[in-house]
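Peer 1: Here the protein sequences line up with chains V and E, keeping their order.
Residue numbers for the first sequence follow my numbering, beginning at 29 and rising by one.
Residue numbers for the second sequence follow my numbering, beginning at 133 and rising by one.
Glycine residues also receive a C-beta, built at the ideal position from the N, C-alpha and C atoms.
First, the structure itself, so that you have it in front of you.
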Amino acid sequence: MSYIHIEDAGKTFTENGQEFTALSGVNLDIEKGEFICLLGPSGCGKSTLLNAIAGFDLANQGKVQIDGEDVKAPSTKNVTIFQNYGLLPWRTVIKNIELGLESKGIDKKTRREIALKYLKLVKLENFANSFPRQLSGGMKQRVAIARALAVEPDIIFMDEPFGALDAITRMKLQDDILDICKSEKKTIIFVTHDIEEAVYLADRVVVMTPNPGKVKGVLTVPLHHFRDRTSGDFLLVRDKIFDLLNMKMEDNIEYTI
Amino acid sequence: MKKILSVRYVIVSILILIVIWQILFLVSDYSEALFPSPLMAFEALIEMITSGQLFESIVTSMGRFIVGYGLSVIIAVVLGLILGSLPKVFNYINPTLQLLRPISPTAWMPFVVLLFGIGDLPAIVIIFIAAFFPVLLSTVSAVMKIDDIYFRVSENFGIKQPKLMWKVILPAAFPQIANSIHLALGSAWIFLVAGEMVGAQSGLGYQIIDARNNVRADILLATILVIGLIGLLLDFLIGLLEKRILRAWGGEN
């Protein structure tokens, strides 16, 4: 069986006595080391699916398993990176990165060493003693990435991590996250509503549609790690996604009778 | 530079007060015994300082204040952190708190004197009540308002109670808690005087009653000034402490 196994998973909420289906009938298998993008417009249940796999808000239908075990709560083996960074503003950058190591029973000195190593990896070693508010959005998200990597997780969940960043910073961080993935070999599940971002990053793109949230299709991106945002192959994959999202102009629209 | 400027503001501001006071003294036709001039109040102040009476009163009052305010803040913050983390329990306690909160601490005075007699305790109890409700309610609301993301991050990294309390909840809620502690200091100081006027035979509040009984308006005004000055000083000191902790915890400036 695959590493992450999702079978007929669904999630319903009851609000003011009315039942609302956020996610239904999701079947998905993810292998170790894959970079998966969950792509879709708002309300398509992509974050719901991510939270169900990460264990924050469990699915109430079907099965969600990691490594053969049902997901019941967030695990320290899998780390989630949020759009608004989730850094603790009262801790310095280095202390933020050490946060996850503190409950692992690692001594102070080793903690500092590990934190510094990952701080270097995200190229922020000069900001070890800064507070989060002194950093730009892109730098904050780098700290969050370093903090996640420091606990050496199996899976990293990213919930629209670059959503709050400007386009140029976002592209830079996309390259960085690809580099880091190559060197650290993590399984990554990445939520985004940006089609190009999904194609650029993912091994496979899970295209989702709303009302109710469900998986419309899964596209393998055959671009390996030589991604060029302007190449023909890149545009071809993007085109297929537009197709799945019903966003393409149909050829035979104009008829006059 | 900023400090020098603020000292200048303080001096000018107080000078304006003294000038207005002096003018009022010159134009009003109350007897000097009832409405003394700034100079007379100043002389009374010197008299109190040299006799050691002022120092004694300040020490007595400060002792009561530190005990009452300190205990109140500590208990209110600890209780607030716990109640804020247990919103379902707080729902049952909140209505009672809201009922007790608007009651002036001085309303409890007769009761407090009956129970605790005359001495240190009534003043301490009144100060305690004055600081308790604002700090408690503010702490509870601060804890309840903590962004859910901090809890998600803590859960993800395996931080559980009791570590969660001092690693996440307290620092996340601290700016609002500190603000309420700061504000409560002012009201606690106000009620110290009220408490000592009724329930004590010593301290700055009693000194006011004593001055009235002896028809020493100059001592009365001098004492009032001293109470104001100490209040100002306490406010400045706690502001300094607040800023220091906030800075250590990455707050603004």
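Which class does V:I64 belong to by DSSP, given the choice of helix, strand or coil?
Peer 2: strand
Peer 1: Tell me which same chain residues have a C-beta within less than 8 Å of the C-beta of V:R139, skipping the five on either side of it?
Peer 2: E126, L129, E130
Peer 1: Only counting runs of 4 or more residues, tell me where the alpha helix (DSSP H) segments fall wholly within the stretch 108-174 of chain V, in order along the chain.
Peer 2: Secondary structure in the stretch 108-174 of chain V: the alpha helix (DSSP H) runs of 4 residues or longer, each lying completely within the stretch, are 121-130, 136-149 in chain order.
Peer 1: Report whether the distance from the Cβ of E:P237 to the nearest heavy atom of the ligand SAH is below 7 Å.
Peer 2: Among the ligands in the structure shown, none appear at all, so the ligand SAH cannot be discussed.
Peer 1: For E:N385, would you say it is in contact with chain V, using Cβ-to-Cβ distances shorter than 8 Å as the test?
Peer 2: At E:N385 the pLDDT is 45, less than 50, meaning the model places this residue with poor confidence and gives no usable figure here.
Peer 1: Anyone know if the C-beta pair for V:C209 and V:I217 falls short of 8 Å?
Peer 2: no
Peer 1: Does the stretch 148-163 of chain V come within contact of the stretch 111-126 of chain V, defined as at least 3 CB pairs closer than 8 Å?
Peer 2: yes
Peer 1: Please classify V:G61 as buried or exposed, where buried requires at least 16 neighbouring CB atoms within 10 angstroms.
Peer 2: exposed
Peer 1: Taking the straight line between their C-alpha atoms, what separation do you get for V:D194 and V:K200?
Peer 2: 10 Å
Peer 1: Can you give me the C-alpha to C-alpha distance between E:G331 and E:K375, rounded to a whole angstrom?
Peer 2: Between E:G331 and E:K375, the C-alpha separation is close to 35 Å.
Peer 1: Nearest to E:S273 by alpha carbon, out of E:S183, E:V209, E:A173?
Peer 2: E:V209
Peer 1: Can you list the beta strand (DSSP E) stretches of 3 or more residues lying completely in the stretch 209-291 of chain E, in chain order?
Peer 2: none
Peer 1: Does the distance from the CB of V:P240 to the CB of V:T49 come in under 8 Å?
Peer 2: In contact: V:P240 and V:T49 (Cβ atoms closer than 8 Å).
Peer 1: For the stretch 174-196 of chain V, enumerate the residues whose C-beta is nearer than 8 Å to any C-beta of chain E, in chain order.
Peer 2: For the stretch 174-196 of chain V, which is checked against every Cβ of chain E, the residues closer than 8 Å are V179.
Peer 1: Report yes or no: is there a C-beta of chain E within less than 8 Å of the C-beta of V:N112?
Peer 2: yes
Peer 1: Using a Cβ-Cβ cut-off of less than 8 Å, give me the residues of the stretch 270-282 of chain E that come near chain V, in sequence order.
Peer 2: I281, Y282
Peer 1: According to the neighbour-count rule (16 or more other Cβ atoms, all chains shown, within 10 Å of its Cβ), is V:K168 buried or exposed?
Peer 2: Under this definition V:K168 is a buried residue.
Peer 1: Residues of chain V with CB closer than 9 Å to the CB of E:I146, please, in chain order.
Peer 2: In chain order: nothing, as chain V lies at least about 37 Å away.
Peer 1: State the Cα-Cα distance for the pair E:Y141 and V:D204, rounded to the nearest angstrom.
Peer 2: Roughly 53 Å between the two C-alpha positions.
Peer 1: Let me confirm a value: E:V151 is counted as buried when at least 16 other C-beta atoms fall within 10 Å, else exposed. Which label applies?
Peer 2: exposed
Peer 1: Mind listing the chain E neighbours of V:G128? Cutoff is C-beta to C-beta under 7 Å, in chain order.
Peer 2: Taking a Cβ-Cβ cut-off of 7 Å, the neighbours of V:G128 in chain E comprise F289, given in sequence order.
Peer 1: Would you say V:V307 faces chain E, with C-beta separation under 8 Å as the test?
Peer 2: Nothing about residue 307 of chain V can be read from this structure; chain V reaches only from 29 to 285.
Peer 1: Counting only beta-carbon atoms, is E:W321 nearer than 8 Å to chain V?
Peer 2: Closer than 8 Å: no.
Peer 1: Output needed for V:D231: all residues of its chain with C-beta closer than 8 Å, excluding positions within five of it in sequence on either side, in chain order.
Peer 2: Correct list, in chain order: E62, F63, I64, T248, V249.
Peer 1: Please determine if the stretch 355-374 of chain E and the stretch 319-339 of chain E are in contact, where contact requires at least 3 C-beta pairs separated by less than 8 Å.
Peer 2: They touch, by the three-pair rule.
Peer 1: If I follow the unbroken beta strand (DSSP E) through V:G53, where does it start and stop?
Peer 2: Counting along the chain, the unbroken beta strand (DSSP E) around V:G53 starts and ends at 46-58.
Peer 1: Taking Cβ positions, are E:I206 and E:W240 nearer each other than 8 Å?
Peer 2: no
Peer 1: Grab me the residues of E:A349's own chain with a C-beta within less than 8 Å of its C-beta, minus the 5 sequence neighbours each way, in chain order.
Peer 2: A165, L166, F167, P168, A343
Peer 1: Measure the alpha-carbon distance for E:Y201 versus V:K136 and round it to whole angstroms.
Peer 2: 37 Å
Peer 1: I'd like to know if V:L149 contacts chain E, where contact means its C-beta is closer than 8 Å to some C-beta of that chain.
Peer 2: no
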